[in-house]
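A.B. asks:
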Amino acid sequence: MSQSATLSEVLTLAEVQSLADTKTFARGKAYFHEGVVSRLEERGGAVHATVRGTHRYRVELGVDDDGELAYDCTCPVGDDGVFCKHAVAVALAWLENSGGEVFHAEEAAPGKPRKKRKTYEEVIREYVATLDKNELQELLLEAIERDLSFRDKLLFAARATGASDLPGMKAAVRQATRLSRPLDWREASAYGDGLMSLADMLRRRLHGPHAAQVVELSELAIAGAETSLEQIDDSGGDVMPAILELASVHLDACKLTVPDPVKLAERLFRFQTEGKWDTFYNVLPAYAEPLGKNGLSRYRELVNEAWEALPALAPDKEYRRSHDSPRMQLERAMGALAELDGDVDALIRIYSKDLSSPYRFLLVAELCVKHGRPDEGLAWAERGIKESSKSHDQRLLDFCIDAYLRRSEFDKADAFAWRRFEMRPTAEAFPALMKVATATGRHDEMRERTLTHLWALVREEEAAAKSKRNVWQRSTRTELVRIFLAGKENDAAWETFTGGPVVMQLWPEMAAVRGKTHPHDAIALYHRLLPVAAESGTRNARYDEAFEIVRAIGMLRAKLDERAEFTRELEEIRAAYRAKRNFIKLLAKLS
26 MSQSATLSEV LTLAEVQSLA DTKTFARGKA YFHEGVVSRL EERGGAVHAT
76 VRGTHRYRVE LGVDDDGELA YDCTCPVGDD GVFCKHAVAV ALAWLENSGG
126 EVFHAEEAAP GKPRKKRKTY EEVIREYVAT LDKNELQELL LEAIERDLSF
176 RDKLLFAARA TGASDLPGMK AAVRQATRLS RPLDWREASA YGDGLMSLAD
226 MLRRRLHGPH AAQVVELSEL AIAGAETSLE QIDDSGGDVM PAILELASVH
276 LDACKLTVPD PVKLAERLFR FQTEGKWDTF YNVLPAYAEP LGKNGLSRYR
326 ELVNEAWEAL PALAPDKEYR RSHDSPRMQL ERAMGALAEL DGDVDALIRI
376 YSKDLSSPYR FLLVAELCVK HGRPDEGLAW AERGIKESSK SHDQRLLDFC
426 IDAYLRRSEF DKADAFAWRR FEMRPTAEAF PALMKVATAT GRHDEMRERT
476 LTHLWALVRE EEAAAKSKRN VWQRSTRTEL VRIFLAGKEN DAAWETFTGG
526 PVVMQLWPEM AAVRGKTHPH DAIALYHRLL PVAAESGTRN ARYDEAFEIV
576 RAIGMLRAKL DERAEFTREL EEIRAAYRAK RNFIKLLAKL S
């Protein structure tokens, strides 16, 4: 976030009230007064804090490149870019700490500016400065009893003072990573914080005389944390980033201390292929430097041996294990070795060892294109379509269509585009078909062919209407109406709509379009739709949709200068739905 303007200039009470609606501001202020904001700190020109709401959420407030207030919250509302109640609570907490006033607009403003209030950190720092050694020790010991992560942090630091005590250090790492019971999402954050502190302390140890211990200690920490993660609800994403930070420390330690490369290769291979969390997914190229020539040779030997033991997976075979984690990890390792060697042929052989699904052919095809082999890529895509005829992956067809268009092989491009449309003959797929036809110069011909095909499907479906057709099956007539509406062919859309069954979700749009030129048709359609909307509203006592239908009828009657007719209709509607009190209240707005 930018620092072109200071936070105090943009983060004001007025700005917070302008960004949040009245209800959101009130809820945020309630959160602020309830004291659910914690870990409030300002760094890098931004405010960071945690809010304990329905879940624990992280909030950041800062200044964007345009000098405006930027905000981010991990809650669902914040994910949509809305200034949520959690952001309001953090903003108010920061304003109070900064000496600002926190009050509603309707509350009386203070008579004179207040003296700038000290932050919590400043107050605590000044207080601690007045304590003697014994008082500080008592405070620390009391905190240790209440905060296990703080206890582990101090325990590790205490063990670290005996720098040569590797067994003691290992015991401290085990203590910091093990769990005695499962943790829910509310407790995961503290555990993740503890791992981050452990990573920080290990990283600091890299700069001391016993840096060589950090490789072993970080491996022990990662193993312990991964085991504990099996008992943690990490839905908030607090623990895995800390494990990856430990892995980052491990990599730095390997680069700095250069452990035995052959033994390192053997351990990395084991971590990569046996790990459940993909912590060491990127052994190469990350560890190329500490592995060196000898370590890389041993790593290659181990990977090749395991890879050769895996069977090739062909299309339409019962043995389909391509999603097994060990196989995927080995494929990634083999691919990284081939990338390191610059061997494109080896890459193709590696990825084509598993052709158990159409998508695998696409991976190979895209790999060929990436490395400047478009013809070979097209051949793989065509083979994928041919060998997986029962379960096409549409992306293979997309690949072939684009390739043929680039090669100006328009007959083949049209053929594959038509094949793609036949798989999914919908209004959503129609524009893509016509885009290809336009590029090949056959727009009108393809459009006529498509409409003929769709009408044939309509006749086939509606002839079988009396049989037990799947209720979830899409109606081709509905797709035709959507195509005509999208193309502004409103008369054709209406004719198609009135000719047979069309999904009810399309009725409001059809009525709105028809009302522009034939209001009486639209009014009749709205009257057919009203009972369904009213019944739907009964389930949750909300009749917004039904009310909008009645209002649309009223607007059309006004356009026709038939207000008396609407008055009569409105009375009939009130009489018919008099038991639905919430609906009747809404209808009062139309009187």
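Numbering (our numbering), first residue to last: 26 to 616. From the three backbone atoms N, C-alpha and C, an ideal C-beta is built for every residue, glycine too. Since the structure is predicted, the reported quantities are computational estimates derived from the model, not experimental observations.
For Leu32 and Asp97, I'd like the C-alpha separation in whole angstroms.
C.D. replies: Approximately 15 Å between the Cα atoms of the pair.
A.B. asks: If we count the other Cβ atoms within 10 Å of its Cβ and call it buried at 16 or more, is Asn122 buried or exposed?
C.D. replies: Label assigned to Asn122: buried.
A.B. asks: Check each candidate in Leu223, Asp586, Arg199 and Ala213 and name the one with the smallest Cα separation from Phe175.
C.D. replies: It is Leu223 whose Cα lies nearest to the Cα of Phe175.
A.B. asks: Quick check: the Cα distance between Ala215 and Thr304, rounded to an integer number of angstroms?
C.D. replies: Cα-Cα distance, rounded: 21 Å.
A.B. asks: Are three or more beta carbon pairs between the segment 499 to 516 and the segment 457 to 470 nearer than 8 Å?
C.D. replies: Contact fails: fewer than three Cβ-Cβ distances are below 8 Å.
A.B. asks: Tell me which same chain residues have a C-beta within less than 6 Å of the C-beta of Leu458, skipping the five on either side of it?
C.D. replies: So the qualifying residues of the chain are Ala442 and Phe446.
A.B. asks: Under three-state DSSP, which class holds Ala379?
C.D. replies: Sequence check: residue 379 is Asp here, not Ala. If DSSP states are grouped into helix, strand and coil, Asp379 belongs with the strands.
A.B. asks: Considering only residues of the same chain and omitting the five flanking positions on each side of Phe424, which have a CB-CB separation below 7 Å?
C.D. replies: Only Leu387, Ala390 and Ala406 meet the Cβ criterion.
A.B. asks: What residue ranges within the segment 153 to 189 form continuous beta strand (DSSP E) runs of no fewer than 3 residues, ordered along the chain?
C.D. replies: You should have found no qualifying run.
A.B. asks: Rounded to whole angstroms, what is the Cα-Cα separation between Lys460 and Ala511?
C.D. replies: In a straight line, the C-alpha of Lys460 is about 15 Å away from that of Ala511.
A.B. asks: Under a three-way DSSP split, which group does Leu86 fall into?
C.D. replies: Reduced to three states, the DSSP call for Leu86 is strand.
A.B. asks: Would a C-beta distance cut-off of 8 Å place Ala278 and Ala236 closer than the cut-off?
C.D. replies: Closer than 8 Å, so yes.
A.B. asks: Suppose you measure from the CA of Glu487 to the CA of Thr477; what does that come to, to the nearest Å?
C.D. replies: Their backbone Cα atoms lie some 16 Å apart in a straight line.
A.B. asks: Among Glu85, Asn515 and Ala45, which has the Cα closest to the Cα of Gly70?
C.D. replies: It is Glu85.
A.B. asks: Count the C-beta pairs between the segment 196 to 215 and the segment 247 to 261 that are closer than 8 Å, then say yes if the count reaches three, no if not.
C.D. replies: Yes: at least three Cβ pairs fall under 8 Å.
A.B. asks: Tell me, please, which residues DSSP counts as bridged to Ser63.
C.D. replies: Thr75, per the DSSP bridge assignment.
A.B. asks: Taking the alpha carbon of Pro266 as the reference point, which residue from Gly217, His232, Arg230 and Phe294 has its own alpha carbon closest?
C.D. replies: The option with the nearest alpha carbon to Pro266 is Gly217.
A.B. asks: Let me know the alpha helix (DSSP H) ranges lying completely inside the segment 302 to 336, each 4 residues or longer, listed in chain order.
C.D. replies: With a minimum length of 4 residues, the continuous alpha helix (DSSP H) runs that stay inside the segment 302 to 336 are 308 to 311 and 313 to 333.
A.B. asks: Helix, strand or coil, according to DSSP, for Pro135 in the structure here?
C.D. replies: Because Pro135 sits at a pLDDT of 49, beneath the cut-off of 50, its placement in the model cannot be relied upon, and the point is left open.
A.B. asks: Output the boundary residues of the alpha helix (DSSP H) element that contains Asp427.
C.D. replies: Asp427 -> alpha helix (DSSP H) spans Gln419 to Arg431.
A.B. asks: Would Ala313 and Ile257 be called neighbours here (beta carbons separated by less than 8 Å)?
C.D. replies: No, these two residues do not count as a Cβ contact at 8 Å.
A.B. asks: List the whole-angstrom C-beta distance separating Glu291 from Leu316, where the pair is believed to meet the contact cut-off of C-beta under 8 Å.
C.D. replies: Wrong, their Cβ atoms sit about 11 Å apart, outside the cutoff.
A.B. asks: Would you list, in sequence order, the uninterrupted alpha helix (DSSP H) runs of no fewer than 4 residues that lie entirely inside the segment 458 to 542?
C.D. replies: Taking only runs of at least 4 residues, the alpha helix (DSSP H) segments lying wholly in the segment 458 to 542 are 468 to 488, 501 to 511, 515 to 523 and 532 to 540.
A.B. asks: Just to confirm, are Pro533 and Leu585 a CB contact at a threshold of 8 Å?
C.D. replies: No; because the gap between Cβ atoms is not below 8 Å, this pair is not in contact.
A.B. asks: Buried or exposed: which applies to Glu594, given that a residue is buried once 16 or more other Cβ atoms fall within 10 Å of its Cβ?
C.D. replies: It counts as buried.
A.B. asks: Counting C-beta neighbours from all protein chains within 10 Å, is the total for Tyr152 16 or more, i.e. buried, or is it exposed?
C.D. replies: By the neighbour-count rule (16 or more Cβ atoms within 10 Å), Tyr152 is not buried but exposed.
A.B. asks: Mapping DSSP to helix, strand and coil, what is Ala130?
C.D. replies: Because the pLDDT at Ala130 is just 42, under 50, the model does not fix this residue reliably, and the point stays unresolved.
A.B. asks: What are the uninterrupted segments assigned as beta strand (DSSP E) that are 3 or more residues long and contained completely in the segment 213 to 258, given in chain order?
C.D. replies: Runs found: none.
A.B. asks: Could you give the DSSP three-state label for Asp97: helix, strand or coil?
C.D. replies: In this structure, Asp97 counts as strand in the three-state DSSP scheme.
A.B. asks: Based on Cα-Cα distance, which residue from Ala518, Asp349, Gly300 and Leu191 lies nearest to Gly249?
C.D. replies: Of Ala518, Asp349, Gly300 and Leu191, the residue nearest in Cα terms is Gly300.
A.B. asks: Can you name the start and end residues of the alpha helix (DSSP H) that Val287 belongs to?
C.D. replies: Run containing Val287: Pro286 to Glu299, per the alpha helix (DSSP H) assignment.
A.B. asks: Of the residues Arg408, Ile410, Leu372 and Asp418, which one's Cα is nearest the Cα of His396?
C.D. replies: Closest option to His396, Cα to Cα, is Leu372.
A.B. asks: What residue from Ala118, Glu93, Thr37 and Ala440 has the CA that sits closest to His58's CA?
C.D. replies: Selected option, being the one with the closest Cα: Ala118.
A.B. asks: Roughly how many angstroms separate the alpha carbons of Leu220 and Gly261, rounded to a whole number?
C.D. replies: If I take the Cα positions, the gap works out to 15 Å.
A.B. asks: Expressed to the nearest angstrom, what Euclidean distance is found between the alpha-carbon atoms of Glu132 and Val115?
C.D. replies: Because Glu132 sits at a pLDDT of 48, beneath the cut-off of 50, its placement in the model cannot be relied upon, and the following sentence gives the value as read from the coordinates. Roughly 20 Å between the two C-alpha positions.
A.B. asks: For Val287 versus Leu242, is the C-beta distance shorter than 8 Å?
C.D. replies: Result no, Cβ atoms of Val287 and Leu242 do not sit closer than 8 Å.
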